[in-house]
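Residue numbers (the numbering used here): 4 to 298.
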Ligand SMILES: [Zn+2]
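And the structure:
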C-alpha cells in the first residue's frame, strides 16, 4: 500500500485501510485470513485486486478486513464504531460452479443470502437390536432419515434456497441398541427475506443462529453491470450463498456490492484446489477499476 502511494492506517479492530486521497469514502477490498487447508484466492484476490484497482483508478481506498472467516469480526467491529465508507465494492472468487456452468467470467452479486442454523430432534424407543422384532420398533434414526429427505425436498421447492444436514447425534449410539433420540443439525439459507422466512417455516425449526439476508445496493449493482456490459460480456446475477464483509457493511447502511469472478476446478473453495484463471482475473480487474471510477 505504501509503495502504491496510499496513506495507510490500522483501526482499533485491526482492519488495514490504504487511502488514495481522492474519493476516500469509496472502498474496495476483502480479507487476508483463510481457513485451514484453504485456497489462495478467497479474500486475497479482492485485496490484491483492490489495491491494483485503486492504483489504476487513482481514487478510492482499499481495505483489508481482519478475521473474516470466523464471522466477519473486523467488518462487524468497524460497523459498530460507525466509521464506515459511503460505498463498498468487493471482488471475490465465486466459490461455486454457476459461472462455470453458464460459461461467463463475471457476475453481479444481488444479495448475501440469509443463514439460519438450528436442530430438530426425533425420538423413538431404545431396545435390544437382536430381540426386538422389526414390527414393534420406534427407531429414532429411521425417523431422522425420513426427516433429512423432507429437509432436502423442502429446500428444493423454494427457488434459490438450500438446506443441509451436516451432523447427527445418535443416542445412545451403540451398535446393538435401537436409537432412542437423534439430534439433526440444520443449516438453511435463502436469498431474500420472503424466501428465508418461508424456508424456516417450512422446515419447522427454531433457529438458534440467524443472520437475515441483505440486498446489495442498486447503485453498485448498476455500476458493475454497466462495466460488464461495456465489454460485451454476459451479465449474470447471483446471490452469494456465503457470508462476506460486504453483507455486514450493507446491513450497516453502506451502499455495498460485490463482483464475483469464475471459479475453476468445479468451483471448489475452502480447498487448496481453489482456482480462477489469469484471463478472468484480468477481466475482473478491468471491471473493478472502471466501476471504482464511476462510484
Ligand atoms: Zn472470502
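By construction, the Cβ of each residue, glycine as well, lies at the ideal position given by its N, Cα and C atoms.
Bear in mind the structure is a predicted one, so any value in this text is a computation, not a measurement.
Straight-line CA distance for residue 296 to residue 193?
32 Å
By the DSSP assignment, the beta strand (DSSP E) with residue 52 in it spans what residues?
No beta strand (DSSP E) holds residue 52; the alpha helix (DSSP H) holding it covers 47-60.
In whole angstroms, what is the alpha-carbon distance linking residue 191 and residue 161?
11 Å
Proximity test, residue 280 beta-carbon vs ligand 1 heavy atom, cut-off 8 Å
no
Flag this pair as touching only if the region 230-240 and the region 109-117 have three or more C-beta atom pairs under 8 Å; answer yes or no.
yes
Excluding the five sequence neighbours on either side, which residues of its own chain have a C-beta within less than 6 Å of the C-beta of residue 251, listed in chain order?
75, 78, 79 and 82
Straight-line gap, residue 89 to residue 198 (C-alpha atoms, nearest Å)
29 Å
What runs of the alpha helix (DSSP H), each 4 residues or longer, lie entirely inside the region 117-199?
143-159
Any heavy atom of ligand 1 within a distance shorter than 8 Å of the CB on residue 70?
no
Just to confirm, are residue 49 and residue 36 a CB contact at a threshold of 9 Å?
no
Whose CA, out of 122, 287 and 65, lies closest to the CA of residue 97?
287
Say yes only if the C-beta of residue 259 is nearer than 8 Å to one or more non-hydrogen atoms of ligand 1, and no if none qualify.
no
Residue 65 in three-state terms, based on DSSP:
strand
Look up residue 77 in the DSSP assignment and say whether it is helix, strand or coil.
helix
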